[in-house]
Amino acid sequence: EPEVTQTPSHQVTQMGQEVILRCVPISNHLYFYWYRQILGQKVEFLVSFYNNEISEKSEIFDDQFSVERPDGSNFTLKIRSTKLEDSAMYFCASSQPRSYTFGSGTRLTVV
Amino acid sequence: AQSVAQPEDQVNVAEGNPLTVKCTYSVSGNPYLFWYVQYPNRGLQFLLKYITGDNLVKGSYGFEAEFNKSQTSFHLKKPSALVSDSALYFCAVSPNFGNEKLTFGTGTRLTIIP
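The listed protein sequences correspond, in order, to chains Z and E. Residue numbers for the first sequence follow the numbering used here, so the first one is 1 and each next one is one higher. Residue numbers for the second sequence follow the numbering used here, so the first one is 1001 and each next one is one higher.
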């Protein structure tokens, strides 16, 4: 079964630092997503990406966030100048019609 | 815009009893509905989905869900609960399957009491 791979599984960073979360989507999927889950709470949509551009983003996805597909396989989420409230589990997902797969997540802790 | 409601934050069920975790949704057009389970400090694990066809959908670990269009519901069920079913359960909806975001409910914490 193809998987969406996320690295690292856990990252600790100091407030104000930049972090990059990495994802390798399933190779024949065309749509890519990032979601966020603050500990034990609702899973919230951040952004979707298709055809090398953002197709939709939520209110959470402000100028602090950016996404990129730098090399045709990786899909990254960059958070500039992290804040304490960015501490959460970040899930990557990829999809194509009739198939939708989540990665196992990156737990980001901002201290 | 689509939305999902999981009216119960917490559900407690005795081991061996049937369980139901409730979910109602709102979406334009035909809904695509999903259930995910999350164990402590783990990712989202797919349980089952409704795309089209039979209203009763069978999934992993003996779970099933019934799609009810008139009540806009997609309740998760299992005939006999196990202690290992204790986890956080999320219902999600999308207006399309495979090219749009999922919108999640707030989650229901299921506790199975031995």
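Glycine is no exception: its CB is placed at the ideal position from the N, C-alpha and C atoms. Computed from a predicted structure; not experimentally measured.
- For the segment 58-88 of chain Z, the beta-carbon criterion of a distance under 7 Å to any beta-carbon of chain E is satisfied by none of its residues.
- Taking a Cβ-Cβ threshold of 9 Å, none of the residues of chain E is close to Tyr90 (chain Z); the smallest such distance is about 11 Å.
- For Phe61 (chain Z), the closest C-alpha among the options Z:Leu30, Z:Phe45, Z:Thr5 is that of Z:Phe45.
- 7 Å or more divides the Cβ of Thr1108 (chain E) from the Cβ of Val1037 (chain E).
- Looking at E:Pro1018, E:Gly1053, E:Leu1033, E:Leu1019, the one whose alpha-carbon comes closest to that of Ala1005 (chain E) is E:Leu1033.
- The secondary-structure analysis by DSSP pairs Lys1022 (chain E) with nothing; it has no beta-bridge partner.
- Nearest C-alpha to Gln14 (chain Z) among Z:Met89, Z:Leu30, Z:Arg22, Z:Glu85: Z:Glu85.
- The Cβ neighbour count for Thr7 (chain Z), taken over all protein chains shown within 10 Å, is under 16; the residue is labelled exposed.
- Inter-segment contact for the segment 1008-1024 of chain E and the segment 1078-1094 of chain E is present: three or more beta-carbon pairs are separated by less than 8 Å.
- In the structure shown, Ser1084 (chain E) adopts helical secondary structure according to DSSP, grouped into three states.
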